[in-house]
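Step one of this worksheet: look at the structure below.
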Amino acid sequence: SAVISQKPSRDICQRGTSLTIQCQVDSQVTMMFWYRQQPGQSLTLIATANQGSEATYESGFVIDKFPISRPNLTFSTLTVSNMSPEDSSIYLCSVEDSRGNYGYTFGSGTRLTVV
Amino acid sequence: KNEVEQSPQNLTAQEGEFITINCSYSVGISALHWLQQHPGGGIVSLFMLSSGKKKHGRLIATINIQEKHSSLHITASHPRDSAVYICAVWPYNTDKLIFGTGTRLQVFP
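Protein chains in written order, with the numbering used here: chain L, 1 to 115; chain C, 116 to 224.
Dropping the structure here:
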């Protein structure tokens, strides 16, 4: 199945700052998904990133807060902007895995703490 | 009511026990996924299934499409199985997964 390298694995950030999370896939994929998992909660889809077009955001998420780049078919970034403690979560990227039998492959997650 | 419900929410077992985690859903689906999330946050896909049963090592996943229900079984459980197990469904005509809230499993030696 596809392999995703997600960085950073964790970070502690000051409120008001921004953090950019990177996901690199070892194969070309059409769609990449960005999720947030708040403490004790399930995964929530932030947006879907397609190469060459604007990301599609889910209800409750906006581009100014979570800008996404998708410069090519193997790479994407998610920025968490102007952070507050409520942004403390695990952020994960995911891709559809057409090569494997598991449907979706997930990154290793970024554990963000905002102080 | 959530579209994907898991039970139990928390599960404690002794090493060697047989474990069952259940998932019920209310939408028509193309496939169902079982995922494993370790304390660091990373998620590993265990199974994707749309009918019947799949087995991988000590893990077995079954699905009953008519009853909209799936189970994940772990035989001869081991402390390294301790993790959160998440059921996620892939509804028809969408690329977006719907996730259950997870089952936290702790296996003690």
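Yeah, the Cβ is synthetic: ideal placement off N, Cα and C, and Gly gets one too.
Just so it is clear, the structure is predicted and the values come from calculations on it, not from any experiment.
Helix, strand or coil at residue i according to DSSP, with G and I counted as helix
i, result
"L/D11", "strand"
"C/P194", "helix"
"C/E120", "strand"
"C/E182", "coil"
"L/E96", "strand"
"C/P224", "coil"
"L/P67", "coil"
"C/P154", "coil"
"L/P39", "coil"
Per-residue burial, residue i [other beta carbons within 10 Å of its own, 16 or more giving buried]
i, result
"C/I201", "buried"
"L/R10", "exposed"
"C/T127", "exposed"
"C/F133", "exposed"
"L/D97", "buried"
"L/L95", "Contrary to the premise, residue 95 of chain L reads as Val rather than Leu in this sequence. Buried is the call here."
"C/G131", "exposed"
"L/A49", "buried"
"L/T56", "exposed"
"L/R15", "exposed"
"C/G156", "buried"
"C/D210", "exposed"
"C/G215", "buried"
"C/T190", "exposed"
"C/S145", "exposed"
Residue closest to residue i, alpha-carbon to alpha-carbon, out of the options
i, options, result
"L/K65", "L/S76, L/I46 and L/S53", "L/I46"
"C/R195", "C/V119, C/Q129 and C/N117", "C/Q129"
"L/L112", "L/G103, L/S84 and L/I4", "L/S84"
"L/I90", "L/G60, L/I4 and L/V114", "L/V114"
Should the segment 194-208 of chain C be regarded as contacting the segment 141-156 of chain C, the criterion being three or more beta carbon pairs within less than 8 Å? yes
Listed from N- to C-terminal order along the chain, which residues in the segment 25-41 of chain L have their beta-carbon within a distance smaller than 9 Å of any beta-carbon of chain C? M31, F33, Y35, Q37, G40 and Q41
Does the contact criterion of 3 or more C-beta pairs under 8 Å hold for the segment 26-39 of chain L versus the segment 63-83 of chain L? yes
Residues, ordered as in the chain, of the segment 137-159 of chain C that lie near chain L by beta-carbon distance below 7 Å: A146, H148, G155, G156, G157 and I158
Evaluate the contact criterion for the segment 164-180 of chain C versus the segment 216-224 of chain C: three or more CB pairs, one atom per stretch, below 8 Å. no
If contact means a Cβ-Cβ distance below 9 Å, which residues of the segment 41-68 of chain L contact chain C? Q41, S42, L43, T44, L45, T48 and E58
The segment 206-219 of chain C: positions lying closer than 8 Å to chain L by Cβ: D210, K211, L212, F214, G215, T216 and G217
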